[in-house]
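Residue numbers (our numbering), protein chains in the order written: chain W, 994 to 1108; chain L, 3 to 115. Backbone N, C-alpha and C define an ideal beta-carbon position, used for all residues, glycine too. Just so we're clear, the structure is a prediction, and the values are computed from it rather than from any experiment. Right, one structure below, let's go through it.
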């Protein structure tokens, strides 16, 4: 079984400050981890993924995420937030050990960046 | 490059009417295809997925059905809509298992009255 948790429904940050959106996961095998962003009334956009290799993954729009195996976390980060980063963020996990290739999505975290 | 299309963008339908939402993918072959529903509460619910023409897997028993008549075409249907079918419907595709990320269409906003 696989699951993912996004413990915060909403994250508020001031423009220019660093941001973190949290994600923890549970899988039986090796985790394949993903972050997506959704703007209002739009489809999800892929931001970045971790499959293997370096624990720090860099993605689109200046976002990065750090894979932490011991804490089973994959938090999304950005050094300096922009108002335009305000959106809904989804973490997803898939078990890379075989079986289903269907990912499980978290419930989403609403990021609000204040001017 | 690959693109994914969904139509219509918005739809208002009466209870009991039929439904047909279409999704097409360009620029790739033999994609895995998915239908999701996103309720107002934000979470994504996987409805159907397909690994090939005519191959449909249903995740949740419901009032909906899906078909894949062509390699890059995925259709979501209902014979009689319910109020609870309202939501934001998203189609997505992904490559084979080694190319894991999904790419989503723009979505269809369905309101059942």
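- Secondary structure of residue 1075/W (DSSP, three-state): coil.
- Annotation for residue 1103/W: 1003, 1081 place their beta carbon closer than 6 angstroms to its own, counting only its chain and skipping 5 residues before and after.
- Between residue 45/L and residue 1035/W the beta-carbon gap is near 16 angstroms, outside 8 angstroms, which marks them as no contact.
- Comparing C-alpha distances from residue 114/L to each of 10/L, 5/L, 21/L shows the shortest one belongs to 21/L.
- Beta-bridge analysis with DSSP links residue 1016/W to no other residue.
- In this structure, the CA atom of residue 1055/W is about 18 angstroms from the CA atom of residue 1107/W.
- A straight-line Cα-Cα distance of about 8 angstroms links residue 1076/W and residue 1105/W.
- Nearest neighbour of residue 1043/W by Cα position, chosen from 1025/W, 1031/W, 1018/W, turns out to be 1025/W.
- No Cβ-Cβ contact shorter than 9 angstroms links residue 1028/W with residue 1046/W.
- Counting C-beta atoms within 10 angstroms of its own C-beta, residue 1096/W has 16 or more neighbours from the protein chains shown and is therefore classed as buried.
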